[in-house]
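Numbering (the working numbering), first residue to last: 1020 to 1325.
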(Lines of atoms letter the chains of each structure in order from A and count residues from 1; the text may use other names and numbers.)
(Lines give C-alpha, C1' and ligand atoms only; values in the text may rest on other atoms or scores of the structure.)
Protein backbone atom coordinates (compact mmCIF):
# COMPACT_ATOMS: atom_id res chain seq x y z
CA UNK A 1 0.00 0.00 0.00
CA UNK A 2 2.80 2.38 0.92
CA UNK A 3 4.67 1.46 -2.28
CA UNK A 4 1.56 2.23 -4.35
CA UNK A 5 1.16 5.59 -2.62
CA UNK A 6 4.83 6.47 -3.23
CA UNK A 7 4.55 5.54 -6.90
CA UNK A 8 1.51 7.76 -7.34
CA UNK A 9 3.22 10.60 -5.48
CA UNK A 10 6.29 10.37 -7.76
CA UNK A 11 4.15 10.34 -10.92
CA UNK A 12 2.06 13.34 -9.75
CA UNK A 13 5.21 15.25 -8.73
CA UNK A 14 6.80 14.58 -12.11
CA UNK A 15 3.70 15.75 -13.99
CA UNK A 16 3.45 18.88 -11.81
CA UNK A 17 7.12 19.71 -12.28
CA UNK A 18 6.77 19.27 -16.05
CA UNK A 19 3.68 21.49 -16.13
CA UNK A 20 5.39 24.22 -14.09
CA UNK A 21 8.44 24.07 -16.35
CA UNK A 22 6.29 24.36 -19.48
CA UNK A 23 4.31 27.24 -18.03
CA UNK A 24 7.51 29.07 -17.10
CA UNK A 25 8.57 29.12 -20.73
CA UNK A 26 7.42 31.93 -22.97
CA UNK A 27 4.65 30.63 -25.29
CA UNK A 28 6.67 30.95 -28.50
CA UNK A 29 9.57 28.99 -26.99
CA UNK A 30 7.47 25.97 -25.98
CA UNK A 31 8.35 22.78 -27.82
CA UNK A 32 5.70 21.07 -29.91
CA UNK A 33 5.30 18.15 -32.31
CA UNK A 34 2.55 18.22 -34.90
CA UNK A 35 1.73 16.32 -38.10
CA UNK A 36 -1.13 17.88 -40.03
CA UNK A 37 -1.88 16.88 -43.62
CA UNK A 38 -4.47 18.94 -45.50
CA UNK A 39 -6.38 20.13 -42.45
CA UNK A 40 -8.31 23.31 -41.84
CA UNK A 41 -6.13 26.10 -40.47
CA UNK A 42 -8.43 26.67 -37.49
CA UNK A 43 -8.13 22.99 -36.51
CA UNK A 44 -4.32 23.18 -36.67
CA UNK A 45 -4.27 26.32 -34.53
CA UNK A 46 -6.60 24.72 -31.98
CA UNK A 47 -4.29 21.69 -31.80
CA UNK A 48 -1.25 23.94 -31.28
CA UNK A 49 -3.06 25.82 -28.50
CA UNK A 50 -3.76 22.57 -26.66
CA UNK A 51 -0.24 21.21 -27.13
CA UNK A 52 1.46 24.40 -25.92
CA UNK A 53 -1.15 25.53 -23.39
CA UNK A 54 -1.43 29.03 -24.87
CA UNK A 55 -4.08 31.09 -26.67
CA UNK A 56 -3.85 32.69 -30.11
CA UNK A 57 -5.24 36.16 -30.66
CA UNK A 58 -5.80 37.66 -34.10
CA UNK A 59 -8.28 39.69 -36.14
CA UNK A 60 -10.96 37.63 -37.84
CA UNK A 61 -10.12 39.20 -41.20
CA UNK A 62 -6.38 38.45 -41.00
CA UNK A 63 -6.64 35.08 -42.75
CA UNK A 64 -9.21 32.46 -43.77
CA UNK A 65 -9.51 29.96 -40.89
CA UNK A 66 -11.13 27.40 -43.24
CA UNK A 67 -8.17 27.32 -45.62
CA UNK A 68 -6.47 23.93 -46.03
CA UNK A 69 -2.88 23.68 -44.77
CA UNK A 70 -0.22 21.06 -44.06
CA UNK A 71 2.59 21.26 -41.53
CA UNK A 72 5.14 18.71 -40.25
CA UNK A 73 7.18 19.50 -37.14
CA UNK A 74 9.03 17.33 -34.62
CA UNK A 75 10.09 18.96 -31.35
CA UNK A 76 10.27 22.51 -32.72
CA UNK A 77 9.39 25.58 -30.71
CA UNK A 78 6.04 27.20 -31.44
CA UNK A 79 7.60 30.20 -33.20
CA UNK A 80 9.28 27.95 -35.78
CA UNK A 81 6.09 25.96 -36.34
CA UNK A 82 4.08 29.13 -36.94
CA UNK A 83 6.72 30.35 -39.39
CA UNK A 84 6.37 27.08 -41.29
CA UNK A 85 2.62 27.44 -41.22
CA UNK A 86 2.38 31.09 -42.28
CA UNK A 87 5.56 31.39 -44.39
CA UNK A 88 6.58 34.52 -42.40
CA UNK A 89 3.60 36.52 -43.72
CA UNK A 90 2.69 37.65 -40.18
CA UNK A 91 4.43 39.00 -37.10
CA UNK A 92 4.16 37.35 -33.69
CA UNK A 93 4.08 38.92 -30.24
CA UNK A 94 3.77 37.43 -26.75
CA UNK A 95 1.48 38.91 -24.12
CA UNK A 96 1.50 36.76 -20.99
CA UNK A 97 0.07 33.43 -22.18
CA UNK A 98 -1.30 34.87 -25.41
CA UNK A 99 0.37 34.76 -28.83
CA UNK A 100 -0.79 37.74 -30.88
CA UNK A 101 -0.69 37.23 -34.66
CA UNK A 102 -0.85 40.40 -36.73
CA UNK A 103 -0.07 41.65 -40.20
CA UNK A 104 3.64 42.07 -40.80
CA UNK A 105 4.39 45.74 -41.40
CA UNK A 106 6.63 46.69 -44.32
CA UNK A 107 10.13 47.91 -43.54
CA UNK A 108 12.20 50.89 -44.59
CA UNK A 109 15.65 51.17 -46.11
CA UNK A 110 17.96 53.86 -47.51
CA UNK A 111 18.53 54.18 -51.23
CA UNK A 112 21.78 55.76 -52.49
CA UNK A 113 23.30 56.44 -49.02
CA UNK A 114 26.07 59.03 -49.05
CA UNK A 115 28.59 60.22 -46.44
CA UNK A 116 30.18 63.63 -46.99
CA UNK A 117 33.00 65.39 -45.07
CA UNK A 118 32.33 69.08 -44.38
CA UNK A 119 35.11 70.65 -42.30
CA UNK A 120 34.17 69.76 -38.72
CA UNK A 121 31.02 67.90 -39.76
CA UNK A 122 30.01 64.68 -41.46
CA UNK A 123 26.69 64.57 -43.24
CA UNK A 124 24.62 61.50 -44.11
CA UNK A 125 22.07 61.63 -46.88
CA UNK A 126 19.92 59.35 -49.02
CA UNK A 127 16.36 58.41 -49.91
CA UNK A 128 14.10 56.51 -47.49
CA UNK A 129 12.15 53.89 -49.44
CA UNK A 130 9.70 51.05 -48.84
CA UNK A 131 11.84 47.88 -48.73
CA UNK A 132 9.22 45.91 -50.70
CA UNK A 133 8.09 48.30 -53.40
CA UNK A 134 10.97 50.78 -53.58
CA UNK A 135 8.49 53.65 -53.19
CA UNK A 136 10.09 56.79 -51.78
CA UNK A 137 8.57 57.72 -48.41
CA UNK A 138 7.68 61.33 -47.61
CA UNK A 139 7.71 62.63 -43.99
CA UNK A 140 9.64 59.66 -42.59
CA UNK A 141 11.66 60.39 -39.45
CA UNK A 142 15.42 59.85 -39.48
CA UNK A 143 17.08 60.20 -36.07
CA UNK A 144 20.11 59.24 -33.98
CA UNK A 145 19.15 58.07 -30.49
CA UNK A 146 22.36 58.94 -28.66
CA UNK A 147 23.13 62.27 -30.32
CA UNK A 148 19.47 63.35 -30.20
CA UNK A 149 19.40 64.70 -33.73
CA UNK A 150 16.67 64.14 -36.27
CA UNK A 151 15.11 65.23 -39.52
CA UNK A 152 12.15 64.42 -41.78
CA UNK A 153 12.31 63.32 -45.41
CA UNK A 154 11.00 65.67 -48.08
CA UNK A 155 8.31 64.88 -50.67
CA UNK A 156 10.87 62.87 -52.66
CA UNK A 157 11.89 60.78 -49.62
CA UNK A 158 15.25 62.60 -49.40
CA UNK A 159 16.98 63.41 -46.11
CA UNK A 160 20.25 64.94 -44.99
CA UNK A 161 21.50 64.95 -41.39
CA UNK A 162 24.76 66.33 -40.00
CA UNK A 163 26.95 65.38 -37.02
CA UNK A 164 30.16 66.87 -35.65
CA UNK A 165 33.32 64.92 -36.44
CA UNK A 166 35.28 63.60 -33.48
CA UNK A 167 36.12 60.34 -31.75
CA UNK A 168 35.35 57.02 -33.38
CA UNK A 169 31.83 55.91 -32.67
CA UNK A 170 29.16 54.11 -34.60
CA UNK A 171 26.31 56.25 -35.94
CA UNK A 172 23.00 54.39 -35.76
CA UNK A 173 20.32 56.04 -37.84
CA UNK A 174 16.78 54.91 -37.09
CA UNK A 175 14.15 55.21 -39.81
CA UNK A 176 10.58 55.53 -38.52
CA UNK A 177 7.22 56.02 -40.17
CA UNK A 178 3.65 55.34 -39.05
CA UNK A 179 2.48 51.91 -40.32
CA UNK A 180 6.07 50.78 -40.99
CA UNK A 181 8.53 48.80 -38.89
CA UNK A 182 11.34 50.87 -37.37
CA UNK A 183 14.65 50.17 -39.10
CA UNK A 184 18.11 50.97 -37.67
CA UNK A 185 21.06 51.38 -40.02
CA UNK A 186 24.69 51.43 -38.84
CA UNK A 187 26.78 54.15 -40.46
CA UNK A 188 30.51 53.68 -39.92
CA UNK A 189 31.87 57.08 -39.05
CA UNK A 190 33.68 59.08 -36.38
CA UNK A 191 31.56 61.33 -34.22
CA UNK A 192 31.57 62.37 -30.55
CA UNK A 193 28.93 60.62 -28.49
CA UNK A 194 28.24 61.67 -24.92
CA UNK A 195 28.00 58.82 -22.43
CA UNK A 196 24.53 58.43 -20.92
CA UNK A 197 24.05 56.40 -17.78
CA UNK A 198 21.70 53.43 -18.05
CA UNK A 199 20.05 54.55 -14.80
CA UNK A 200 18.85 57.70 -16.58
CA UNK A 201 16.52 55.71 -18.83
CA UNK A 202 12.83 55.44 -17.93
CA UNK A 203 9.74 54.11 -19.56
CA UNK A 204 7.22 56.71 -20.69
CA UNK A 205 3.75 55.73 -21.79
CA UNK A 206 2.91 56.04 -25.47
CA UNK A 207 -0.34 57.83 -24.80
CA UNK A 208 -2.50 59.50 -27.40
CA UNK A 209 -0.97 62.91 -28.09
CA UNK A 210 -3.64 64.85 -26.20
CA UNK A 211 -1.66 68.11 -26.22
CA UNK A 212 -1.44 68.00 -30.00
CA UNK A 213 -5.18 67.37 -30.29
CA UNK A 214 -6.19 70.44 -28.32
CA UNK A 215 -7.08 73.60 -30.20
CA UNK A 216 -4.18 75.55 -28.73
CA UNK A 217 -1.72 72.68 -29.16
CA UNK A 218 -2.82 72.17 -32.76
CA UNK A 219 -2.26 75.87 -33.43
CA UNK A 220 1.19 76.11 -31.80
CA UNK A 221 2.68 72.73 -32.79
CA UNK A 222 3.84 72.52 -36.39
CA UNK A 223 2.75 69.78 -38.78
CA UNK A 224 6.37 68.55 -38.95
CA UNK A 225 6.47 68.10 -35.17
CA UNK A 226 3.12 66.30 -35.16
CA UNK A 227 4.40 63.99 -37.90
CA UNK A 228 7.56 63.34 -35.88
CA UNK A 229 5.48 62.35 -32.83
CA UNK A 230 3.38 59.96 -34.92
CA UNK A 231 6.47 58.32 -36.43
CA UNK A 232 8.53 58.01 -33.23
CA UNK A 233 6.09 56.53 -30.74
CA UNK A 234 8.22 54.50 -28.31
CA UNK A 235 11.39 56.54 -27.87
CA UNK A 236 12.01 59.00 -25.05
CA UNK A 237 15.38 60.37 -24.01
CA UNK A 238 16.78 62.57 -21.23
CA UNK A 239 18.82 65.74 -21.54
CA UNK A 240 20.39 68.08 -18.96
CA UNK A 241 18.73 71.18 -20.42
CA UNK A 242 16.90 72.78 -23.32
CA UNK A 243 16.25 76.33 -24.39
CA UNK A 244 13.38 77.26 -26.67
CA UNK A 245 12.15 80.49 -28.21
CA UNK A 246 8.74 79.01 -29.05
CA UNK A 247 7.23 75.54 -29.66
CA UNK A 248 9.28 74.09 -32.54
CA UNK A 249 12.21 76.51 -32.10
CA UNK A 250 14.44 74.84 -29.53
CA UNK A 251 17.91 73.40 -29.01
CA UNK A 252 16.50 69.89 -29.62
CA UNK A 253 14.72 70.75 -32.87
CA UNK A 254 12.15 68.20 -34.07
CA UNK A 255 13.06 65.78 -31.24
CA UNK A 256 11.97 68.20 -28.51
CA UNK A 257 8.68 66.35 -27.91
CA UNK A 258 10.61 63.11 -27.25
CA UNK A 259 13.02 64.53 -24.64
CA UNK A 260 12.62 65.01 -20.87
CA UNK A 261 14.89 67.78 -19.55
CA UNK A 262 16.38 68.47 -16.14
CA UNK A 263 16.23 72.21 -16.81
CA UNK A 264 13.98 73.91 -19.32
CA UNK A 265 14.03 77.58 -20.26
CA UNK A 266 11.33 78.84 -22.60
CA UNK A 267 11.32 82.42 -23.81
CA UNK A 268 7.85 82.70 -25.35
CA UNK A 269 6.99 79.01 -24.94
CA UNK A 270 8.15 75.47 -25.56
CA UNK A 271 7.13 71.89 -26.35
CA UNK A 272 8.87 68.92 -24.67
CA UNK A 273 8.18 65.42 -23.38
CA UNK A 274 8.48 66.83 -19.89
CA UNK A 275 10.68 68.41 -17.23
CA UNK A 276 12.19 66.47 -14.32
CA UNK A 277 13.72 69.34 -12.43
CA UNK A 278 13.42 73.10 -12.87
CA UNK A 279 11.47 74.99 -15.50
CA UNK A 280 11.29 78.68 -16.25
CA UNK A 281 8.98 79.92 -18.97
CA UNK A 282 7.29 82.85 -20.61
CA UNK A 283 3.76 82.54 -21.92
CA UNK A 284 3.10 78.84 -22.48
CA UNK A 285 4.78 75.46 -21.98
CA UNK A 286 3.42 72.36 -23.74
CA UNK A 287 4.46 69.06 -22.13
CA UNK A 288 3.49 65.46 -22.87
CA UNK A 289 4.57 64.20 -19.42
CA UNK A 290 5.87 65.89 -16.27
CA UNK A 291 7.30 63.52 -13.61
CA UNK A 292 8.33 66.13 -11.05
CA UNK A 293 8.92 69.81 -11.72
CA UNK A 294 9.46 73.10 -9.94
CA UNK A 295 8.11 75.69 -12.36
CA UNK A 296 8.34 79.43 -12.63
CA UNK A 297 6.44 80.72 -15.63
CA UNK A 298 4.55 83.79 -16.75
CA UNK A 299 1.22 82.24 -17.71
CA UNK A 300 0.35 78.57 -18.05
CA UNK A 301 1.39 75.05 -18.89
CA UNK A 302 -0.68 72.78 -21.13
CA UNK A 303 0.09 69.22 -20.04
CA UNK A 304 -1.05 65.91 -21.51
CA UNK A 305 -3.15 63.88 -19.09
CA UNK A 306 -1.42 60.62 -18.08
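From the three backbone atoms N, C-alpha and C, an ideal C-beta is built for every residue, glycine too.
- Residue 1055: member of the beta strand (DSSP E) spanning 1050-1059, first to last residue.
- Comparing alpha carbon positions, the residue from 1172, 1117, 1125, 1094 closest to residue 1107 is 1125.
- Taking a 10 Å sphere around the C-beta of residue 1046, we find 16 or more other C-beta atoms and assign the residue as buried.
- Residue 1202 is a Cβ neighbour of residue 1128, given a cutoff of 8 Å.
- Taking all protein chains shown into account, residue 1156 has 16 or more neighbouring C-beta atoms within 10 Å of its C-beta and is therefore buried.
- For the alpha helix (DSSP H) assignment, the stretch 1126-1211 encloses no uninterrupted run of at least 4 residues.
- In the DSSP assignment, the residues bridged to residue 1090 are 1055.
- By alpha-carbon distance to residue 1044, the top candidate from 1094, 1116, 1120, 1172 is 1116.
- DSSP places residue 1081 in the coil class of the three-state scheme, outside both helix and strand.
- Listed as beta-bridge partners of residue 1074 by DSSP are 1117.
- The stretch 1130-1141 and the stretch 1087-1097 do not touch, with fewer than three beta-carbon pairs separated by less than 8 Å.
- Beta-bridge analysis with DSSP links residue 1101 to no other residue.
- Remark: C-beta atoms of residue 1250 and residue 1160 approach each other more closely than 8 Å.
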